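There are 2 protein chains.
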Amino acid sequence: MDMRFDMAQNAAFPTPARICGSQCCNACVVRDRAICADLTEGDRGALSRLGRRVTLQAGQTVMWEGDDSMVVANVIEGTLKLATSTGDGREQIVGVVYASDFIGRPFGARTPHSVTALTDARLCLFPRGCFDGFAMRHGELQHRLLQRTLDDLDRTRAWMLLLGRKSAREKVATFLLDMSRRLKADGDGVIALPLSRQQIADVLGITIETVSRQMTEMKRDGIIDLVGRRGVRLINIAALETLSETV
Amino acid sequence: MDMRFDMAQNAAFPTPARICGSQCCNACVVRDRAICADLTEGDRGALSRLGRRVTLQAGQTVMWEGDDSMVVANVIEGTLKLATSTGDGREQIVGVVYASDFIGRPFGARTPHSVTALTDARLCLFPRGCFDGFAMRHGELQHRLLQRTLDDLDRTRAWMLLLGRKSAREKVATFLLDMSRRLKADGDGVIALPLSRQQIADVLGITIETVSRQMTEMKRDGIIDLVGRRGVRLINIAALETLSETV
DNA sequence: CGCCGATTTGATATACATCAACCGCAGTGG
DNA sequence: CCACTGCGGTTGATGTATATCAAATCGGCG
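If you're matching them up, the sequences are chains Y and F in order.
When the letters of the first sequence are read in order and numbered with the UniProt record's numbering, they come out as residues 1 to 247.
When the letters of the second sequence are read in order and numbered with the UniProt record's numbering, they come out as residues 1 to 247.
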């Protein structure tokens, strides 16, 4: 695993103040977006004591497909991918997760996909057994987790339409729009993609060459602009929406 | 909507005894597999009173993609499909649900996909608002729903690998194995598929012709046998597993 | 400035889609 | 009872989007 990342992915969270050490939720940047948001301060502290903060480097894998489900985590900072693959090495990225998202498989024996950091990342990691137990005693937490899982399922099913029925052009257009909704553009309207071309291909179920060709073609057509390896500026969003085609 | 079904899909549930009328859970065939399984008898009765039993004919649609989420339901009997489509009519089936499964979008404003009966079916239908309220007061129910949603998500993500990275041959092999796991074969080892060729194509993200060709080819190779329009016998399961390719 | 992996570009192959008959079974009606 | 009809399914001929293979180019880093 030797990925290199040329852009400052984590600029949004410039080393958050660790006022009360790494164990404290009060200073947590995702506190009110993560699943622990609805817990009382006391309960949140109790949950916090079950887990620990860990740092990941880009390219590191936290969980492997098919492994026993040993841990779950909140993403505090960074971007990670969820992936499955066939026996002969073809990979499909089944999800991309961002700060405040939840990862891992609670209430289940196996992790059904690998989880790998795309950028440097920080997690709030819990042993699964402890987390499950805590969740069973805290309805608010389970409710939040349910909400999030239902949303994930909706988004995943929408992506099935893309994988099964859209052309390469439509796939790339949909991908770019999706990214523009999740990521903030800089002053010049340039979005820094957290994914390499190969990873984009693995998200869309096409090859790297096809991704590249579609993007340069869109650039030729004046719909987008490519800046450096990881940057895109969406020039004609309406055109992208027409291309992405889902009503 | 004029689908016709030549095989007795529902033979497994020969007009269940309605001992205490259609409103009673005690005689419910899915009582201990559905999400209400962990409720006390009293709570189950209370939930039951919020909803009503409805009968669907094959081809009828209960919910439409993008509509306000008004109802949710347990499937008592029958098979239904969940589908989304592009503006120009390409369809992707994002899920197939069976007896004891749960359908609809609780805790959310919109139904993200249509739900249509593939066979005649019976549902235990709840207004969403009432259901949500009841669920909020009953942790066991939410826990069951969470479990089920997590399982759905796992299965859906596994299907993404199929849609994005598998060949037509692999797709059909995977589909047949999946069916053989969910459906019981009759005495001769023949499985009655609940889906037409077009619907199989819409599940796998390929065309009807490709489905047909792959199946007749597998038949030529002695891997499966086709009996009538809806019947398949899996002769060489090992070969199918090799073909389906996921490790 | 030069190097190395990431990306783009080009040439070619191919799996699958598309278009078009055709077949066969299940109703239907004479 | 049998021809007729309609629809789901199969089969064939052909087209094309995308994969594959190969090489050139770029961009960031030492």
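The C-beta atom is built at its ideal place from N, Cα and C for all residues, glycine as well.
These figures come from a predicted structure and were not determined experimentally.
Using the beta-carbon count (16 or more within 10 Å), is residue i buried or exposed?
i: I237/Y; result: exposed
i: T216/Y; result: exposed
i: S244/Y; result: buried
i: S100/F; result: buried
i: G104/Y; result: buried
i: K184/Y; result: exposed
i: E209/F; result: exposed
i: S114/F; result: buried
i: M136/F; result: exposed
i: Q198/F; result: exposed
i: G21/Y; result: The predicted model places G21/Y with a pLDDT of 44, which falls under 50 and marks its position as unreliable; any figure quoted below should be read in that light. Exposed, because fewer than 16 other Cβ atoms sit within 10 Å of the Cβ of G21/Y.
i: R220/Y; result: exposed
State the DSSP-derived secondary structure class of residue i, mapped to helix, strand or coil.
i: R49/F; result: helix
i: A121/Y; result: strand
i: G228/F; result: coil
i: L195/F; result: coil
i: T84/Y; result: strand
i: M3/Y; result: Its pLDDT being 36, under 50, M3/Y is placed unreliably in this model, and the coordinates cannot settle the point.
i: V115/Y; result: strand
i: L150/Y; result: helix
i: F131/F; result: helix
i: Q9/F; result: In this predicted model, Q9/F has a pLDDT of only 35, less than 50, meaning its place in the structure is not dependable enough to derive any value.
i: E245/Y; result: coil
i: V29/F; result: coil
i: R44/F; result: helix
i: G139/Y; result: helix
i: G104/Y; result: coil
i: A90/F; result: First, the amino acid is wrong: residue 90/F is Arg here, not Ala. R90/F falls in the coil class under three-state DSSP.
i: D186/Y; result: coil
i: I76/F; result: strand
i: G95/Y; result: strand
i: M63/F; result: strand
So, residue i versus residue j, is the Cβ gap smaller than 7 Å?
i: S69/Y; j: T111/Y; result: yes
i: T84/F; j: L150/Y; result: no
i: A73/F; j: L123/F; result: yes
i: I93/Y; j: V203/Y; result: yes
i: G231/Y; j: V190/Y; result: yes
i: L145/F; j: I35/F; result: yes
i: D225/F; j: R213/F; result: no
i: L153/F; j: L153/Y; result: yes
i: G139/Y; j: G133/F; result: no
i: L163/Y; j: L163/F; result: yes
Hey, out of the options, whose CA is closest to residue i's CA?
i: R128/F; options: H143/F, A201/F, G108/F; result: G108/F
i: Y98/Y; options: S85/Y, E241/Y, V30/Y; result: V30/Y
i: residue 261/F; options: L146/F, Q147/F, F175/F, A185/F; result: This structure cannot speak to residue 261/F, because chain F is shown only from 1 to 247.
i: V54/F; options: R220/F, R33/F, D43/F, D120/F; result: D120/F
i: P106/Y; options: L125/Y, Q92/Y, R229/Y, S167/Y; result: L125/Y
i: A239/F; options: M218/F, R229/F, Q214/F, G228/F; result: M218/F
i: S48/Y; options: N26/Y, V62/Y, E65/Y; result: N26/Y
i: R182/F; options: D188/F, L146/F, V172/F, L193/F; result: L193/F
i: residue 248/F; options: G189/F, L56/F, C24/F; result: No statement about residue 248/F is possible, as the shown extent of chain F runs from 1 to 247 and does not include it.
i: D88/F; options: I224/Y, R165/Y, V172/Y, V62/Y; result: R165/Y
i: E241/Y; options: E170/Y, A158/Y, R220/Y; result: E170/Y
i: R52/Y; options: G66/Y, F131/Y, M63/Y, L163/Y; result: F131/Y
i: G95/Y; options: A158/Y, D188/Y, G187/Y, G228/Y; result: A158/Y
i: E91/Y; options: R220/Y, V227/Y, R229/Y, T207/Y; result: T207/Y
i: G66/F; options: A37/F, G45/F, T86/F, Q60/F; result: T86/F
i: S196/F; options: D186/F, L39/F, R229/F; result: R229/F
Residue i to residue j, Cα distance in whole Å?
i: F13/F; j: E77/F; result: Low confidence applies here, because F13/F scores a pLDDT of 34, under 50, leaving its location unreliable and the question unanswered by this model.
i: G205/Y; j: L50/Y; result: 38 Å
i: M179/Y; j: A168/F; result: 30 Å
i: V172/Y; j: L118/Y; result: 19 Å
i: Q57/Y; j: T79/Y; result: 11 Å
i: Q147/F; j: R155/F; result: 12 Å
i: D32/F; j: D188/Y; result: 58 Å
i: H143/Y; j: V62/Y; result: 25 Å
i: G59/F; j: A37/Y; result: 43 Å
i: R44/Y; j: V71/F; result: 34 Å
i: V227/Y; j: W64/Y; result: 34 Å
i: D186/Y; j: L177/Y; result: 16 Å
i: A46/Y; j: T40/Y; result: 10 Å
i: F102/Y; j: C28/F; result: 36 Å
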